[in-house]
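Residue numbers (my numbering), protein chains in the order written: chain S, 1 to 382; chain D, 1001 to 1382.
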């Protein structure tokens, strides 16, 4: 088994070495690209045809764009977000009155880490429709990402009327849970859980992942493990869930479990990063090194586009895989200008402590005092 | 439409709302390499098979794999689809291309087809140095797509990015790239002085009294332009020498000061300089104030310069350019200020409104800046 893995890795490594040198394949039957699994590939082509035939049907266009976004997420391929964005842009030009297009574009921008662009669309929507549930939910979440935990809660209240109790409570618990009320938020979420039986799967997974996050930050390890597992059974391939669960497992030093969770998820850079860290922790130096090199190439190609959206992951990569706290701190500080979620606090504090960078340590501490953020992983660093 | 759409998006948003931390691999890119060999210009254009499959369907037998055989059979179609969207334009006329070969290359997100072709420019000059490139490829189906162009010319490699907002770019290989760099940094320096209102206010506060002479606790107008000019030259030179020293020390990494400290002291220096006009303490040796605080302003300039992504090889050029730019910017301010102040110096308006009232306003602004910067607050609009 191990031998097989090594051979596979060697072939993989050889294919990495060939980056940069163009070649002519030797056989016609040589497979150059494996497209997403059958049903998805045909779905994509079906959507394309539908769009082409029904060029004047906004409803179909909207469905297609939404579908592309979902495919982009499951495939971890931002191309599909691009396809969706192109549909949305065209329709905003044709029918700028319909706010739903702006909401959809904000969703895409948020996913692409274009937070300011997303906020612009959201504010446009909220100006015309103060209680627009989608816009409120994304805006609240976005403000949390930017560290405006208190402000974010303001956008949860209108959801009570427009989107129902469960979504409003989920939204508010996320904000409050970051804002010094983790324990109470967890109790609140546990309280509404029995009412989720008939809810759509997205809602269930969302509430479960909120609970898992709270339990983890409160140091309730078994509870966190339970919620993560329940969520992953419902949505086994959700990269957000997997990434958070992997972070939890890594903090517990459960390397074997992390590896078995992520070993076939190397398509996603964030998950490949966690896999390489687990391999390093377990002493699988060769595997970890190969995966780390692959990540290095991906970061490099990402940077060529002058898209600076992955500083968080890159900072973790420099700290945990390359043992370079100087570079890590630099990236963590850049990232801090954009994102301030618990994981961003962690990486900034960790590399600042390694570098004894008083400024950044002070910055994090005053942020923690201001927000009252609770997180055992951060506490253990201090 | 509206209601129906809302049901979809709320679930979709729940599905996406927490995907922020889990990025996939990079979005769609194509890579273009242009190089001169002998008396011809060659181009390698590398395009992702995934992108091409979406645009013109490469997987003919629909088995989810793209083989070399399938790709070969589509080479002609790819050329017809792609090449018209890439224009190499010399004096308004498009070049023609002669295809050389089709290869394959690997990148971090999969396989790419490589179109290798020769560029045949219109007109007699087969090696034009002055040309435009227009790149419109894939932007209609994926606005996140980028064309990344690398030009190799006389041992220099430069990279350019094409996006929907920036799809035509002008190239002039005659221009020595070092000179252009220098000019860029000079402009950055000028720009920084002009938008860096704190530096301007510091200088102006020092210059206000330069057209006056203090005798027996009373302001009198300076009698000759020569004396005024000498005073101004002394102040400006002292400021310049001082900030050049610290700017260089900081950029070369020899000395570094925390930016909050630097910015606070800069605000304080503005306050003192203005206060000195209201309650004159130092009036003979203002160049000394300019020198002392110039040292701190230099650190402020350095933080701007260091944000501009410096490479080690061009450090000297950027340092020199930025410094020169700052001087030019200052000079412009002096050239505007001096004649006006000299002409107005005898008026009561100058002495009460400009000198005293102006200095009071500057003092207030500077104190507010100081509070903002020292205590990390934000309430001023500038």
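Yeah, the Cβ is synthetic: ideal placement off N, Cα and C, and Gly gets one too.
Could you tell me the distance, in whole angstroms, from the CA atom of residue i to the CA atom of residue j?
| i | j | result |
| --- | --- | --- |
| residue 1245 of chain D | residue 1234 of chain D | 17 Å |
| residue 377 of chain S | residue 150 of chain S | 22 Å |
| residue 138 of chain S | residue 343 of chain S | 19 Å |
| residue 1257 of chain D | residue 1303 of chain D | 10 Å |
| residue 1088 of chain D | residue 303 of chain S | 25 Å |
| residue 186 of chain S | residue 173 of chain S | 7 Å |
| residue 69 of chain S | residue 103 of chain S | 13 Å |
| residue 1252 of chain D | residue 1242 of chain D | 16 Å |
| residue 141 of chain S | residue 269 of chain S | 23 Å |
| residue 1085 of chain D | residue 1148 of chain D | 14 Å |
| residue 1362 of chain D | residue 324 of chain S | 45 Å |
| residue 1354 of chain D | residue 355 of chain S | 49 Å |
| residue 272 of chain S | residue 1075 of chain D | 34 Å |
| residue 131 of chain S | residue 93 of chain S | 24 Å |
| residue 1069 of chain D | residue 82 of chain S | 28 Å |
| residue 1118 of chain D | residue 1135 of chain D | 17 Å |
| residue 1370 of chain D | residue 340 of chain S | 26 Å |
| residue 1272 of chain D | residue 1046 of chain D | 60 Å |
| residue 1315 of chain D | residue 381 of chain S | 37 Å |
| residue 254 of chain S | residue 75 of chain S | 26 Å |
| residue 1005 of chain D | residue 1113 of chain D | Confidence at residue 1005 of chain D is low in this model, with a pLDDT of 48, below 50, so its placement is unreliable and no value can be given for it. |
| residue 28 of chain S | residue 1065 of chain D | 12 Å |
| residue 370 of chain S | residue 305 of chain S | 36 Å |
| residue 1306 of chain D | residue 124 of chain S | 36 Å |
| residue 289 of chain S | residue 309 of chain S | 24 Å |
| residue 1027 of chain D | residue 134 of chain S | 25 Å |
| residue 193 of chain S | residue 181 of chain S | 18 Å |
| residue 38 of chain S | residue 73 of chain S | 17 Å |
| residue 96 of chain S | residue 1178 of chain D | 46 Å |
| residue 1038 of chain D | residue 1340 of chain D | 60 Å |
Residue i: which of the options sits nearest, CA to CA?
| i | options | result |
| --- | --- | --- |
| residue 1373 of chain D | D/1269, D/1286 and D/1263 | D/1263 |
| residue 267 of chain S | S/24, S/25, S/35 and S/31 | S/35 |
| residue 252 of chain S | S/273, S/216 and S/231 | S/216 |
| residue 1080 of chain D | D/1099, D/1065, D/1341 and D/1290 | D/1099 |
| residue 1299 of chain D | D/1286, D/1261 and D/1173 | D/1261 |
| residue 1077 of chain D | D/1115, D/1109 and D/1291 | D/1115 |
| residue 1138 of chain D | S/94, S/144 and S/85 | S/85 |
| residue 1204 of chain D | D/1096, D/1168 and D/1360 | D/1360 |
| residue 258 of chain S | S/347, S/228 and S/203 | S/228 |
| residue 159 of chain S | S/136, S/261, S/346 and S/379 | S/136 |
| residue 1291 of chain D | D/1306, D/1327 and D/1238 | D/1238 |
| residue 1105 of chain D | S/21, S/317 and S/315 | S/21 |
| residue 1122 of chain D | D/1040, D/1190, D/1061 and D/1169 | D/1040 |
| residue 274 of chain S | S/245, S/286 and S/375 | S/245 |
What residue range does the beta strand (DSSP E) around residue i cover?
| i | result |
| --- | --- |
| residue 1037 of chain D | 1029-1037 |
| residue 1100 of chain D | 1096-1107 |
| residue 1153 of chain D | 1146-1153 |
| residue 1086 of chain D | 1086-1090 |
Per DSSP, which one or two residues make a beta bridge with residue i?
| i | result |
| --- | --- |
| residue 1169 of chain D | D/1133 |
| residue 1221 of chain D | D/1212 |
| residue 1113 of chain D | D/1047 and D/1104 |
| residue 1157 of chain D | D/1152 |
| residue 1065 of chain D | S/34 |
| residue 23 of chain S | D/1104 |
| residue 1119 of chain D | D/1041 and D/1097 |
Cβ of residue i within 7 Å of any heavy atom in the ligand ADP?
| i | result |
| --- | --- |
| residue 224 of chain S | The model on display carries no ligand, and the ligand ADP is accordingly not part of it. |
At what residues does the alpha helix (DSSP H) containing residue i begin and finish?
| i | result |
| --- | --- |
| residue 247 of chain S | 239-251 |
| residue 312 of chain S | 311-316 |
| residue 288 of chain S | 285-304 |
| residue 1368 of chain D | 1358-1374 |
| residue 258 of chain S | 255-262 |
| residue 1338 of chain D | 1315-1344 |
Could you list the residues in the region 1137-1154 of chain D with a C-beta less than 7 Å from some C-beta on chain S, going in chain order?
-> Against chain S - using a Cβ distance shorter than 7 Å - the residues of the region 1137-1154 of chain D are 1140, 1141, 1142, 1143, 1144, 1145, 1146 and 1148.
Going along the region 1058-1092 of chain D in order, which residues come within less than 9 Å of chain S, judged by CB to CB distance?
-> Listed by position along the chain: 1058, 1059, 1062, 1063, 1064, 1065, 1066, 1067, 1068, 1069, 1070, 1071 and 1072.
Report the residues of the region 84-97 of chain S with a CB closer than 8 Å to any CB of chain D, ordered along the chain.
-> Cβ proximity to chain D below 8 Å picks out 85, 86 and 89 from the region 84-97 of chain S.
When you check each C-beta in the region 1157-1171 of chain D against every C-beta of chain S, which residues fall closer than 8 Å?
-> Under the 8 Å Cβ criterion, the region 1157-1171 of chain D contributes 1159 and 1161.
Taking only beta carbons into account, state which residues of the region 1121-1133 of chain D come closer than 7 Å to chain S, listed in chain order.
-> Residues: none.
Closer than 7 Å, Cβ to any Cβ of chain D: which residues of the region 346-365 of chain S, in chain order?
-> Residues of the region 346-365 of chain S whose Cβ lies closer than 7 Å to any Cβ of chain D, in chain order: 359.
Contact list for the region 1105-1116 of chain D against chain S, Cβ threshold 7 Å | Taking 7 Å as the Cβ-Cβ cut-off against chain S, the residues of the region 1105-1116 of chain D that qualify are 1105, 1106, 1107, 1108, 1110, 1111 and 1114.
Would you list, in chain order, the members of the region 213-228 of chain S that have their beta-carbon closer than 7 Å to a beta-carbon of chain D?
-> Cβ contacts with chain D come from no residue of the region 213-228 of chain S.
Chain-ordered residues of the region 326-344 of chain S with a beta carbon less than 8 Å from chain D | Within the region 326-344 of chain S, those residues whose Cβ lies closer than 8 Å to any Cβ of chain D are, in chain order, 339, 341 and 343.
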